[in-house]
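S.K.: I have a structure I would like to understand better, so I am pasting it below and will then ask my questions one at a time.
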Amino acid sequence: MRESLIFDLSSPGRRACSLPAFDAPAKPLTELVPQDCLRQHDADLPEVSEIDVVRHVTRLSQINFSVDTHFYPLGSCTMKYNPKINDRIASLPGFANIHPYQPASTTQGALAAFELLEQTLCAITGMDAFTLQPAAGAHGELTGLLLIRAYHTARGNPRRKVIVPDSAHGTNPSSAHLAGYHVVTVPSNNRGEVDLEKFRAVLDDEVAAVMLTNPSTHGVFETNILEIAAMAHKAGALLYYDGANLNALVGLARPGDMGFDVVHLNVHKTFSTPHGGGGPGAGPVGVKKALEPFLPVPRLKIVEREALSIERKNADASRFTLHAPRLAWDYDRPQTIGKMRSFYGSTGVLIRALTYILAHGDEGMRRVSEVAIINANYIKAKLKDLYDDPFPQACMHEIVFSARLQKKQGSSARDIAKRLLDFGFHAPTIYFPMTVPEALMIEPTETESRETLDRFIAAMRQIAEEITRNAETLHNAPFTMPVTRVDEVKAARELDVNFVKRDA
Amino acid sequence: MRESLIFDLSSPGRRACSLPAFDAPAKPLTELVPQDCLRQHDADLPEVSEIDVVRHVTRLSQINFSVDTHFYPLGSCTMKYNPKINDRIASLPGFANIHPYQPASTTQGALAAFELLEQTLCAITGMDAFTLQPAAGAHGELTGLLLIRAYHTARGNPRRKVIVPDSAHGTNPSSAHLAGYHVVTVPSNNRGEVDLEKFRAVLDDEVAAVMLTNPSTHGVFETNILEIAAMAHKAGALLYYDGANLNALVGLARPGDMGFDVVHLNVHKTFSTPHGGGGPGAGPVGVKKALEPFLPVPRLKIVEREALSIERKNADASRFTLHAPRLAWDYDRPQTIGKMRSFYGSTGVLIRALTYILAHGDEGMRRVSEVAIINANYIKAKLKDLYDDPFPQACMHEIVFSARLQKKQGSSARDIAKRLLDFGFHAPTIYFPMTVPEALMIEPTETESRETLDRFIAAMRQIAEEITRNAETLHNAPFTMPVTRVDEVKAARELDVNFVKRDA
Amino acid sequence: MDYIPNTDADLSAMLREIGVAGFDELVAAVPASLRKFKMELPSAMSEPELQRELGAMAARNQPLDALTSFLGAGAYEHFIPSAIDHLVSRGELYTAYTPYQAEASQGTLQLLYEYQSLICRLTGMDISNASLYDGGSAVGESAYLALNAHSKRSRIVVSGALHPEYRQVLKTYTAGMGTEIVELPVRDGVTDLDALAAAVNENTAAVLLQSPNFFGCIEPMQRAGELIKPKGAWFVAVVNPLSLGTLRPPGEYGADFAVGEGQPLGIPVSYGGPYLGFLTSTRQLVHKISGRIVGRSVDTEGREAFCLTLQAREQHIRREKAASNICSNQSLMALRAAIFLMLLGKRGMREMAELNLRRSHQAAEAISRVPGFALKFPRAPFFNEFVVTCPAPAQTICDRLERDGILAGLPLGRFCAGMERDLLVCVTETKSTADIERLAEALGRAASGEVQP
Amino acid sequence: MDYIPNTDADLSAMLREIGVAGFDELVAAVPASLRKFKMELPSAMSEPELQRELGAMAARNQPLDALTSFLGAGAYEHFIPSAIDHLVSRGELYTAYTPYQAEASQGTLQLLYEYQSLICRLTGMDISNASLYDGGSAVGESAYLALNAHSKRSRIVVSGALHPEYRQVLKTYTAGMGTEIVELPVRDGVTDLDALAAAVNENTAAVLLQSPNFFGCIEPMQRAGELIKPKGAWFVAVVNPLSLGTLRPPGEYGADFAVGEGQPLGIPVSYGGPYLGFLTSTRQLVHKISGRIVGRSVDTEGREAFCLTLQAREQHIRREKAASNICSNQSLMALRAAIFLMLLGKRGMREMAELNLRRSHQAAEAISRVPGFALKFPRAPFFNEFVVTCPAPAQTICDRLERDGILAGLPLGRFCAGMERDLLVCVTETKSTADIERLAEALGRAASGEVQP
Ligand SMILES: Cc1ncc(COP(=O)(O)O)c(C=O)c1O
Ligand SMILES: Cc1ncc(COP(=O)(O)O)c(C=O)c1O
């Protein structure tokens, strides 16, 4: 049964909410503000009752795939389990119901949480300072590149170019462009890594930054990373780390130690904050000392010293206590790039990330990446006989296959993706990275069990089999979803993005 | 895709929860308690991770019908919408996280809420005092009958009999029996009301109580109620009101005014507390003055006087304020029947009921019953040409049809019920009351819109049509549920009510 | 604020379709004299007003997270995993009715089947129903079942160490049954087994013992069972399900029924309810137990499917002949307990029970060292609560500690004559070493304040 | 505590199947020198510890429900219907990713389509995207779009009454673009239109005006639009969506883009985020706007179905040529806003906006009557906030009131040089007559305390 649009459920006079009456003498509105400021007709919003809204949204939710209901091996997205304690902590009134302009005396808990999160992110990445302001990965990239521009500008020349590999996520070149840079693409070699020679060829003293992610979007580790860093630094360029793939590295290696000068993290990936059907996330940016003066305002400052003790001995398991210093916001940062958004950051998201990090601790965070890598290699080992595996080495936390062979038999990566839905699995990322034809990018994350992976592997094998037998049928997949394949061409051509009631 | 049993998801060593370590020197357990007090093997509980549990329960929930997803016209159950504000209030730490034995100084808010609820229930029913202790309707009945026994006993003779009509809910005779009474059944007349002559015939001075619900389970008002009350009282019997059908009467008429001496209410019916897939509910019991001394302990008492003002003028719409007296629990009630359960009542459920009553206020509560009655009569008017309508008069908040005609054509009430599921409607109550053959008991409640009723009516008409065309097919309904008809005979014969893993 | 979609215009149209002139015509059957009353409820409140005013009412209570509480005695402060609230607040679960239509209720049914199985594994019993109201009423209910399953017997023997509120329920429940209730004395914190042996006779339908009992002490259940069995009476064990993570389960010491309060399994203290009564029995008694039971069966295509079963026992079929009148139960609370058991799992249940055991013993030691305080029953083993004798009336001590935000425990004078100086202290895994030290210090201060007359 | 199902045994077995000796072999590509570091994170915490310790951290903040707050300035305390939290906390919604696979995401897609439609109806604009990060970044984003859609122009004219943080974002965002930002003076609380007329030239890509502006005043948007249009610059209106329940919507005064902060629509203040940036435009600009857009289409069987559309605009296809780099957005917050608009509905949105208008005017009157206090901009119409000039530094006044649990407003000295005595006071529908009286009295006391030197 299809769920109607909320507008079709509307009936004059219905309502879901009533409001308190105004309990003082009520003048006509036009005595308060001039008539021409006022709206002439009420906005044509639906008129429905609470039960209508609850049923509408509940039913719609049921036709979604989600981590809470399905394995979601969407590559580059790290769709790990979102622990429920995180939501509980973030929605405590002490966090969810404080105003950003409240006096610091009434928000020491929030400031301490921010401070603690900055410190743990520094520990994880090997960077010197973090800003929690950016709202997502792409926003972090833009922040990072504006920091880099400010850094170079302070040194006399903002420089003109940013190098990105051909496998980079679209946000990288796009962010570089918005920060005013010309994008230079460097190709990958046949191991999926940056081609060192070609890199050398494009590196010059107009290069402001080199943007990499490691492991790359090919799912493989950049083995020449130290060399790349040395070369870039020698040319006066800074190294930017796209943290989307950090789930491979926690406790294993740190971008800061590799030579990266600026990193952004996607807390909605590595740190388990739920993706909300598209957001909100958060994209904290970490920098090395030299870039700290440029970070967005405000910064946390310690007003009254007292050790911020986040240490808890494992040995005697003594109670964890946070001895927080008195903190305040500091706006007086003359070299700052300014602000990337209102206020301080996505508190509710950041609190979830902090909760997640504190839950795992040192050992636990290390295990996250280990298991993520083993899970991915397990899938690789079990599928590489049927799906083309473009890179020979072990993968990191995700594996990129090419459906080249299947394409030859008549089914595309898209067909495979759609067919997987019928087996109760979300599809992998497809057609990204663009360097791999018919890419199927699979990221299992550490929160999936071996049994789930085995069922997924079986489904992938069965699909390969189906293609060998009759590739045609897959063109009509999926078969068991609430709708069959959606006509995207029509959607773009006969644009309907704002419901207008057709007259009867 | 079927959801496995949680036991099948178990794998050794997995876990969803960790606990704090014991941070003091840990002696062997046997130094604390003797070995023979200790369990030898761990209970064989599943070993799963949090994601397993979340997916398991989430997926299972999706295959349920519920008020939040479907129209649920289950007669006698008043499956009205459960407002979300009620849950929010009940789960405030000030209500959800207080211990029943906390000192009264730390629980004045809870005591005031109980007091206010007792007062509003008195106002709605016309009774003099309420106990909030009973946990459900049946529990309220037992409480009420034990009160009646105590009352008669105090007067020298507990009496032996309780009269119930043939249309009564099974809990009525059952409760009477548990309270030590012999049950005398009185038949209904052809208007679905108590047959007055037959009632007179069984009424004698050994009758302790007459249990009625009004409107009766035939959905019709007992027009002779005042006469019945007078007769019962004249015989020295008390009148007991089964409040399951109060949703027809709020603001319209009060059991207290009709002559009832004891009433129970189902807050999970009239007062919108969710039914939770079977419970918890609450079954407050109200009594007239003469029975008050027998109410279960503890009772609320006012320690320090101050008006409990629950009044809020509509006229000047001045802010509602609760001027609560200082309250405490009183256990010193020599004539009490004792206790019906631990502590005071189902606080979380009662708070929801109070929230609901305060939301509606006087006008709103009246409207509840009005609309419930109109909705039921609307269904009656629109279906009585196709389904046999055993009672000629207007119905109250529910309508009982008989599927006699359909039965003759080869389909039973059960078949109709099952087929309705395919249309996205929960089934009505069937085969109750037992006085109506092939009963279909439909209670729409006030929270369903005319459009929903129209769709339901259309479905019922289409089903009647289907039966005329081919009654056979309905034997296999439902066709679109996750399972087809469940084998209840096998369930009872080859009893499997506790999962035991079959050995491989 | 109401939740009624139909507007006046809708209603007028509907009344026209019904064919009446107005609402009053529909309710003409209601005598006019009955319609002349004023309800006098407060006027309606909008949701913002409800949030504000009822929020203020809640704020007049002091929740446990703002205090340090050592209260137990039938309601326990325990860790509740966040996933439980997340899951049970799903509308499909909490706004469904009793699963009468199996095909549209497989979610609830499978979960209740799992609940039954989990409770059986925890208690070691064969059969569990799908819930009763709470611990107290479960005790009352067990009396009904025992009397019903032994229709010729009319005596019930009950330990004096059974929670006093449960004992009161037992008496109230059986008031109309002509039952003789014999209460056993308590010696050194546990039931006097000699008295038990003497009290159980051929007319005894059941013997009820609680372990850990009201005083926190673990009863000699094995020996009690051995005394009860030869007389043919049913042995009803009242147990704290959390304790069974580490204590011997009733299935191992021969209980016929095991019942109790399921609140410790993931249910908030919530000022006494809603809680969860659980009821289990041996296989032999399956047709005798009351309440909903879910069975595993198949659908017409042979697929696994669940439904309510053995309904012939229930009130809606047997009416006055039913052993119980229960209809609505505590499904959602059973679901909480089931999810709790799934999340804690095999290892977690053991660890949590052990933590309770250790913390309470740590506290008992610490309090014993405070001058003037002593364990009342030093020889009886205990789980997570114990009785302390104070150097002053326990109520006085508690009042003093309340000022420091500590609820020291339950003064027993209220329940047990002669125990005015005794305090029932409960220490669960929610308490830390620091909390225990704070309690001991505060007791010390309160007592030294008392020593001066 | 981790959330990893695979045990060591599972992992060993998997490593064997992979065909490596151990984990280190899988990561042999990582230089050894990189692996020699200590992370030094605190050791793991179990869920009970997290509940306790992070609960204690939260308790170090004073939430608004424990205070009486008149803070606004871009983050507003409003009524949030309970149904919103209930619905958005459903796992199927909040644990889904961006709906790349339309067939498995119809729930999210339809709801986002409804969000777009609701926002269009509220703003009177033709097109809405499916969300941006927040109000501040939406302003920055609008500059990118304006510059991109006017690729030959490089001046942006902005009102000095635009929220100072938004102005700062605008400058930061355009730092690499060679954009000339011209800031217009404010006169009597609103933007100086003569200055505007003078500043807009043929090189002006866009003019940004906020209404109600940072000082709470309603700008003469109609006249501003008339001055901007002839120059061919884009008119960007920054609006408070809640105000549109009663104020004229940007679609009626000729805005090309309307953007702003969606937080007032059912999103908690949450110390500044996550919030909701909304972005709307005229139909003409549909191919110029950024962010996800959901379109209504059909499936292969002709049934209504939804999918992401116009993706060719976006970074993953256009890469460095995209007008914006946005990828993840604020879907769940858009969903909150959509549910808010559904629940409030036509009448509720008007009533709520009017209540804000009335309460703020009631408060302005009350404060004006307090000796020493005066409205700063008595002639400018305002919605739910206004500036008050105090008889002492506004910060001093606020500090005094904080002791009584009142947050009197935002002292403007911090943002606007020379406005040290000015206080921005916000009064939403959450405030009662009693609250307003309390504020006025407290201000009176604070001021009289100040009069003595
Ligand atoms: C490799 C990579 N970089 C950057 C991003 C952008 O992050 P966000 O979506 O948080 O803006 C993504 C997200 O998909 C990504 O996969
Ligand atoms: C008429 C009637 N009486 C009594 C009851 C019993 O109420 P409860 O289920 O709350 O015990 C019901 C419930 O279905 C009922 O419909």
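Chains as they are written, first to last, in this note's numbering: chain A, 2 to 505; chain B, 2 to 505; chain C, -17 to 435; chain D, -17 to 435.
All residues carry an ideal CB built from backbone N, CA and C; glycine is no exception.
In this text the structure is predicted, and so the values were computed from the model without any measurement.
How big is the Cα-Cα spacing for GLU423 of chain D and ALA91 of chain A?
M.R.: Distance between the alpha carbons of GLU423 of chain D and ALA91 of chain A is about 35 Å.
S.K.: Let me confirm a value: SER141 of chain C is counted as buried when at least 16 other C-beta atoms fall within 10 Å, else exposed. Which label applies?
M.R.: Looking at its Cβ environment, which holds 16 or more other Cβ atoms inside 10 Å, SER141 of chain C is buried.
S.K.: Quick check on GLY252 of chain B: does DSSP put it in helix, strand or coil?
M.R.: If DSSP states are grouped into helix, strand and coil, GLY252 of chain B belongs with coil.
S.K.: Just mark ARG351 of chain D as buried or exposed, buried being the case when its beta carbon has 16 or more other beta carbons within 10 Å.
M.R.: Exposed, by the Cβ-count rule.
S.K.: Against chain D, which members of the segment 140 to 170 of chain A pass a CB distance test of less than 8 Å?
M.R.: Those would be HIS140, GLU142, LEU143, LEU146, LEU147, ARG150, ALA151, PRO159 and HIS170, in chain order.
S.K.: Once DSSP output is grouped into helix, strand and coil, what is the label at LYS302 of chain B?
M.R.: Reduced to three states, the DSSP call for LYS302 of chain B is strand.
S.K.: Going along chain B, which residues have a C-beta under 9 Å from MET315 of chain D?
M.R.: Those within 9 Å of MET315 of chain D in chain B number zero; the least Cβ separation is about 19 Å.
S.K.: Tell me where the alpha helix (DSSP H) around VAL58 of chain B begins and ends.
M.R.: Start and end: 51 to 63.
S.K.: Based on the DSSP secondary-structure assignment, which residues constitute the bridge partners of MET212 of chain A?
M.R.: Answer is A:TYR241, bridged to MET212 of chain A.
S.K.: Could you please give me the residues that DSSP links to ARG278 of chain D through a beta bridge?
M.R.: Bridge partners of ARG278 of chain D: D:PHE288.
S.K.: Compare the beta carbon distance of PRO30 of chain D and LEU20 of chain B with 8 Å and say whether it is the shorter of the two.
M.R.: Yes; because the gap between Cβ atoms is below 8 Å, this pair is in contact.
S.K.: How would you label ILE210 of chain C, buried or exposed, when you count the other beta carbons within 10 angstroms and need 16 or more for buried?
M.R.: Its Cβ being crowded by 16 or more others within 10 Å, ILE210 of chain C is buried.
S.K.: What residue range is occupied by the uninterrupted beta strand (DSSP E) comprising VAL241 of chain C?
M.R.: 239 to 243 is the extent of the beta strand (DSSP E) around VAL241 of chain C.
S.K.: What residues come near ligand 2, if near means a beta carbon less than 6 Å from any of its heavy atoms?
M.R.: With the cut-off at 6 Å, the residues found are B:SER77, B:CYS78, B:ALA137, B:GLY138, B:ALA139, B:HIS170, B:THR172, B:THR214, B:THR218, B:ASP243, B:ALA245, B:ASN267, B:GLY282, B:GLY284, C:CYS309 and C:SER310.
S.K.: To which residues does DSSP link ASN366 of chain C through a beta bridge?
M.R.: The partner list for ASN366 of chain C (beta bridge, DSSP) is empty, contrary to what the question assumes.
S.K.: Quick check on DSSP: helix, strand or coil for VAL221 of chain D?
M.R.: It is a strand residue.
S.K.: Measure from the alpha carbon of ARG494 of chain B to the alpha carbon of each residue in C:LEU93, C:MET107 and C:LEU290, then state which is nearest.
M.R.: Checking every option, the nearest Cα to that of ARG494 of chain B belongs to C:LEU290.
S.K.: State yes or no: is the C-beta of PHE66 of chain A within less than 8 Å of the C-beta of ALA86 of chain D?
M.R.: For PHE66 of chain A and ALA86 of chain D, yes; Cβs fall inside 8 Å.
S.K.: Is the beta carbon of ARG341 of chain D closer than 8 Å to that of THR262 of chain D?
M.R.: Not closer than 8 Å, so no.
S.K.: Among A:ASP9, A:LEU146 and A:GLU32, which one has its Cα closest to the Cα of MET159 of chain D?
M.R.: Out of A:ASP9, A:LEU146 and A:GLU32, A:LEU146 has the C-alpha closest to the C-alpha of MET159 of chain D.
S.K.: Measuring from the CB of GLN410 of chain B, is there a heavy atom of ligand 3 at a distance below 7 Å?
M.R.: Looking for ligand 3 in the displayed structure turns up nothing; the ligands present are ligand 1 and ligand 2.
S.K.: Starting from the beta carbon of ASP47 of chain D, find every residue of chain C whose beta carbon is closer than 7 Å, and list them in chain order.
M.R.: Within 7 Å Cβ-Cβ: GLY37.
S.K.: How far does the beta strand (DSSP E) with MET442 of chain B in it reach, from first residue to last?
M.R.: Run containing MET442 of chain B: 440 to 443, per the beta strand (DSSP E) assignment.
S.K.: State the Cα-Cα distance for the pair ALA188 of chain C and LEU204 of chain B, rounded to the nearest angstrom.
M.R.: About 37 Å.
S.K.: Taking only the alpha-carbon atoms, compute the straight-line gap between SER252 of chain C and ASP116 of chain D and give it to the nearest angstrom.
M.R.: One C-alpha to the other measures close to 39 Å.
S.K.: Please go through the same chain and pick out, in chain order, the residues whose beta-carbon is closer than 6 Å to the beta-carbon of ASP417 of chain C, but skip the five residues on each side of it.
M.R.: Correct list, in chain order: THR50.
S.K.: Would GLY118 of chain C and GLU147 of chain C qualify as a contact pair, given that the criterion is a beta-carbon distance under 8 Å?
M.R.: Closer than 8 Å, so yes.
S.K.: Taking PHE200 of chain B as part of the alpha helix (DSSP H), name the residues at either end of that continuous run.
M.R.: Per DSSP, PHE200 of chain B belongs to the alpha helix (DSSP H) from 197 to 203.
S.K.: Below 7 Å on C-beta distance, what does THR70 of chain A contact in chain B?
M.R.: In chain order: ARG56, THR59 and ARG60.
S.K.: Give me the DSSP bridge partner(s) of GLY287 of chain A.
M.R.: For GLY287 of chain A, which the question treats as bridged, DSSP gives the partners A:PHE131 and A:VAL264.
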